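Enquirer:
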Amino acid sequence: MKKTIWGRVYFGLVLLILYLPIFYLIYFSFSSGSSMDHFRHFTWEHYQTLFADKRLLAILLETIMLALLSSLAATVLGTFGAIAIQRSKEAYRKILLSFNNILIVSPDVIIGASFLILFTALGFSLGFASVLLSHIAFSVPIVVLMVLPKLKEMDNSLIDAAQDLGANNYQVFSQVLLPALTPGILSGFFMALTYSLDDFAVTFFVTGNGFTTLSVEIYSRARQGIDLEVNALSTIIFFFVLLLVGVYYFLTKRQGKKANKLGGLLR
Amino acid sequence: MEIIKLDHITKQYDDGFVALKDINLELESGKFYSLLGPSGSGKTTILRIIAGFTEASAGKVYFDGQDITNLDASKRHINTVFQNYALFPHLNVYENVAFALKLRRRPESEIREKVKDALHTVRLDGYANREISELSGGQQQRVAIARAIINEPKVLLLDECLSALDKRLRKEMQFELRAIQKKLGITFIFVTHDQEEALAMSDEIFVLNDGEIQQSGSPVDIYDEPVNDFVARFIGDSNILSGRMIRDFAVEFAGKDFECADAGITPGEKVEVVLRPEDLDITAPAAGKLMVTVQSQLFMGDHFKIKAIGQDGFEWLIHSTNGVQIGQEVGIFFDPEDIHVMRLGETEEEFDARLETYEGED
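If you read the sequences in order, they're chains X and R.
Quick note: the first sequence uses the numbering used here, first residue 5, plus one each step.
Quick note: the second sequence uses the numbering used here, first residue 3, plus one each step.
Below, the structure is given as structure tokens:
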């Protein structure tokens with residue numbers, strides 16, 4: 005397709021509109037005063053209060069830890085789940101896959117509410133553990149969905165070949181299956197990470213008194229009027245996520261080279 | 003010495019499809035065997051059952067006299083070269099070839115030595131550090147062979163492994179495979195649908211169709227004395243005519259009586275007659291045994307493929323080193339030994355038994 009000037013203008017406009025609120029937020033994180041009606045003068049003040057706010061920083065760290073733990077667990081579960089789905093019989097596979105997809109499609113509110121009901125019915129106290137479990141639960145289907153295509157495109161004779169050369173089941177998994185699935189597993193992990201980091205609805209239902217995540221905390225603070233400290237935090241998170249995306253891009257690019265090799269082999 | 007024996011092997015899939023019907027075969031060690039048949043004939047299924055990737059529905063597999071029917075593929079002293087090579091894309095040439103030895107935790111010095119030897123056998127010295135994606139199809143093929151022979155298997159299975167190569171390379175690899183087999187002195191079982199490949203390389207060929215062995219024997223036997231019209235049609239080009247046996251060593255077809263080299267068939271029985279196109283010589287109309295009219299001609303480089311219509315309307319295929327005029331009337335000449343008579347529905351055992359009754363008389 006020919007790239008026209010109007011195409012570029014349109015694309016630029018869309019990007020601008022999408023990023024404008026974020027840049028607006030970042031811009032005012034450097035403004036003195038406590039409101040975003042107009043920019044007064046440049047200051048690090050909000051960053052200073054942020055770094056003095058031990059409670060918010062603790063929540064930030066806990067949120068990141070929660071995201072890492074839940075996505076790690078979900079990646080392991082999801083990878084094995086995808087392998088199990090792929091190995092099951094045709095008709096059964098479709099049913100399993102549908103159950104997997106329902107969890108992705110259904111609204112967070114419903115999932116959050118149902119977890120709340122489940123935990124209270126079981127007498128499970130709400131807190132870090134309940135949030136972690138629900139984050140793992142909604143991340144697993146995402147990982148399954150990312151790993152499954154890699155399983156499908158893998159040449160099954162590779163497994164035969166490994167067995168033929170004397171590999172037992174564990175060796176087939178660790179030396180052939182895992183390397184072939186790595187790109188899918190990586191993207192599944194990063195997807196799970198972002199889903200966990202920015203989840204509000206599910207978390208809101210299952211956090212108890214003792215534990216809270218960043219999104220829930222900011223939400224409750226925002227009800228009492230936006231503090232520019234939140235802007236400063238958002239700016240930091242924005243650049244942190246930018247870094248994450250950069251790392252992901254770098255990793256997939258490297259994997260992409262290997263994937264191309266695979267493509268070359270099959271051709 | 004017998005190395006592999008399949009005893010009444012059948013394979014039926016869950017959906018009811020019968021891939022193999024009562025396969026019995028015995029393979030001697032140190033020979034080059036081919037399983038030849040069209041796709042869906044069951045040849046790859048036999049290979050997978052020998053390798054241990056597929057379980058037979060009934061029957062037993064013996065390796066070196068031992069029952070290995072239920073032995074895991076990873077524990078069999080048999081290795082496989084796969085159709086698409088199945089090289090591990092995340093490993094380089096050295097790591098691919100060393101895979102089996104690394105699994106068995108052999109010392110590094112031994113691995114290095116053996117990988118070097120294996121790569122030398124397949125004439126890939128100096129390629130150890132290449133990535134798989136940097137290799138051509140023929141080179142990948144060689145790596146796959148090196149990887150499969152590193153464990154020093156007694157039997158090497160090759161699954162249509164030349165079919166992905168271009169024609170020139172395929173011819174080259176045929177010589178090379180044969181040379182590697184001779185050098186290693188182990189049994190090769192080669193699966194192919196390409197009759198030329200099977201004829202060129204094998205000590206013995208098993209022709210398969212519809213899950214049954216149609217005929218087994220040396221390439222020359224199978225080519226010269228096909229047991230039924232499937233084998234005759236599948237191996238090489240042939241002219242198959244219906245005819246009638248007159249008495250021993252005389253057969254009638256195309257409206258005439260001919261002397262032939264077959265016997266032991268009831269006089270008057272309906273038979274099929276096979277004449278190979280390269281056994282037919284084009285002569286002057288008067289000198290030929292049959293008269294035909296040339297219809298079309300293709301130049302194949304080293305010979306002409308000529309289509310001609312007989313007086314009874316039969317379409318003859320003739321290979322000739324010299325071209326002819328289209329529309330020309332010519333005679334075709336053949337010797338009694340060029341005529342091969344097939345009984346309808348005769349099995350290989352019956353054929354062999356009949357052959358023995360009169361071949362001694364020659």
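Ideal Cβ placement from N, Cα and C applies to all residues, glycine included.
Values in this document were obtained by computation on a predicted structure and should not be read as measured data.
#1: Just to confirm my understanding: we take E339/R, look at its own chain, exclude 5 residues before and 5 after, and list those with CB closer than 7 Å. What are they?
#2: For V343/R, which of E274/R, D16/R, E57/R, L292/R has the nearest alpha-carbon?
#3: Under the three-state reduction of DSSP, which class applies to S31/R: helix, strand or coil?
#4: In angstroms, rounded to a whole number, what distance separates the CA positions of I341/R and K7/R?
#5: Any C-beta of chain R sitting closer than 7 Å to the C-beta of A95/X?
#6: Quick check on this structure: which residue in T194/R, K45/R, E4/R has the alpha carbon closest to the alpha carbon of K33/R?
#7: Under DSSP, the alpha helix (DSSP H) around Q90/X begins and ends at which residues?
#8: Near G37/X, which residues of its chain fall below 7 Å by C-beta distance, leaving aside the five closest residues on each side in sequence?
#9: Are the C-beta atoms of G188/X and some chain R residue less than 7 Å apart?
#10: Can you tell me the Cβ-Cβ gap for V210/X and G116/X, rounded? I've got them flagged as a contact below 8 Å.
#11: For A60/R, which residues in the same chain have their Cβ closer than 8 Å to its Cβ, ignoring the five residues on either side in sequence?
#12: Is V251/X buried or exposed, if buried means 16 or more other CB atoms sit within 10 Å of its CB?
#13: Could you give the distance in angstroms between the alpha-carbon of L243/R and the alpha-carbon of R235/R?
#14: Starting from L162/X, find everything on chain R with Cβ-Cβ shorter than 7 Å and list it in chain order.
#15: Is there at least one Cβ from chain R nearer than 7 Å to P183/X's Cβ?
#16: When you compare the CB of L169/X with every CB in chain R, is at least one pair closer than 7 Å?
#17: DSSP on E358/R, reduced to helix/strand/coil?
#18: So, with DSSP's three-state summary, where would you put E206/R?
#19: For K116/R and D159/X, I'd like the C-alpha separation in whole angstroms.
#20: Do the segment 179 to 191 of chain X and the segment 56 to 72 of chain X meet, that is, are 3 or more Cβ pairs less than 8 Å apart?
#21: Give me the chain X residues within the contact set of F55/R, using Cβ-Cβ distance strictly less than 7 Å, ordered along the chain.
#22: Can you say whether E358/R is buried or exposed, counting buried as having 16 or more other CB atoms within 10 angstroms of its CB?
#23: Does chain X have any CB closer than 7 Å to the CB of F101/R?
#24: What first and last residue would you give for the alpha helix (DSSP H) that runs through H10/R?
#25: If I measure Cβ to Cβ from K45/R and keep anything under 6 Å in the same chain, skipping five residues before and after, which residues do I get?
#26: What distance in whole Å lies between the Cβ atoms of L162/X and V151/X, which are believed to be in contact at a cut-off of 8 Å?
#27: If we ignore side chains and look at the alpha-carbon of each, how far apart do G372/R and D250/R end up?
#28: List, in order along the chain, the chain X residues whose C-beta lies closer than 9 Å to that of F19/R?
#29: According to the neighbour-count rule (16 or more other Cβ atoms, all chains shown, within 10 Å of its Cβ), is P25/X buried or exposed?
#30: Let me confirm a value: G127/X is counted as buried when at least 16 other C-beta atoms fall within 10 Å, else exposed. Which label applies?
#31: I'd like to know whether the C-beta atoms of F353/R and V229/R end up nearer to each other than 7 Å.
#32: At what residues does the beta strand (DSSP E) containing G192/X begin and finish?
#33: Taking the CB atoms as reference points, tell me whether A53/R and Y96/R lie closer together than 7 Å.
#34: Can you tell me where the alpha helix (DSSP H) with T124/X in it begins and where it stops?
#35: Counting contacts by CB-CB distance shorter than 7 Å, is Q90/X in contact with chain B?
#36: At a CB-CB cut-off below 7 Å, which residues of chain R make contact with V180/X?
Expert: Quick look at the numbers:
#1: Here the set comprises A263.
#2: Among E274/R, D16/R, E57/R, L292/R, the Cα nearest to that of V343/R belongs to E274/R.
#3: The DSSP-derived three-state label of S31/R is coil.
#4: Cα-Cα distance, rounded: 35 Å.
#5: With 7 Å as the cut-off, A95/X does not count as an interface residue toward chain R.
#6: The closest CA to that of K33/R, considering only T194/R, K45/R, E4/R, is found on E4/R.
#7: Counted as a single uninterrupted DSSP element, the alpha helix (DSSP H) harbouring Q90/X occupies residues 58 to 91.
#8: Exclusion of the five residues before and after G37/X leaves R44 as the residues of its chain whose Cβ lies within less than 7 Å of its Cβ.
#9: Contacts with chain R at 7 Å (Cβ-Cβ) do not include G188/X.
#10: About 7 Å; that satisfies the 8 Å criterion.
#11: Correct list, in chain order: H10, I11, T12.
#12: A residue is called buried once 16 or more other Cβ atoms fall within 10 Å of its Cβ, and V251/X, having fewer, is exposed.
#13: C-alpha separation (whole angstroms): 12 Å.
#14: Under the 7 Å cutoff, chain R gives A88, F90.
#15: For P183/X, the answer is yes, since a Cβ of chain R falls inside 7 Å of its Cβ.
#16: It does: the Cβ of L169/X has a partner Cβ on chain R nearer than 7 Å.
#17: Helix, per DSSP.
#18: Strand at E206/R.
#19: For the pair K116/R and D159/X, the Cα-to-Cα distance works out to about 27 Å.
#20: Output reads no: the segment 56 to 72 of chain X does not touch the segment 179 to 191 of chain X.
#21: Correct list: D164.
#22: Exposed, because fewer than 16 other Cβ atoms sit within 10 Å of the Cβ of E358/R.
#23: Yes, F101/R counts as interfacial toward chain X.
#24: No alpha helix (DSSP H) contains H10/R, which is instead part of the beta strand (DSSP E) from 4 to 14.
#25: Hits under 6 Å: L37, G39, V193, L210.
#26: No, V151/X and L162/X are not in contact; Cβ-Cβ is about 16 Å, not under 8 Å.
#27: With chain R represented from 3 up to 364, any question about residue 372/R goes unanswered, as that position is not in the structure.
#28: Chain X residues near F19/R: none, gap ~15 Å exceeds 9 Å.
#29: With fewer than 16 other Cβ atoms within 10 Å, it is exposed.
#30: Label assigned to G127/X: exposed.
#31: For the pair F353/R and V229/R, the CB atoms are nearer than the 7 Å cut-off.
#32: Premise fails: G192/X lies in the alpha helix (DSSP H), 182 to 201, not in any beta strand (DSSP E).
#33: No, they are not a contact pair.
#34: Note, T124/X: alpha helix (DSSP H), 112 to 126.
#35: Of the protein chains in this structure, namely X and R, none is chain B.
#36: Near V180/X (Cβ distances below 7 Å), the residues of chain R are F90.
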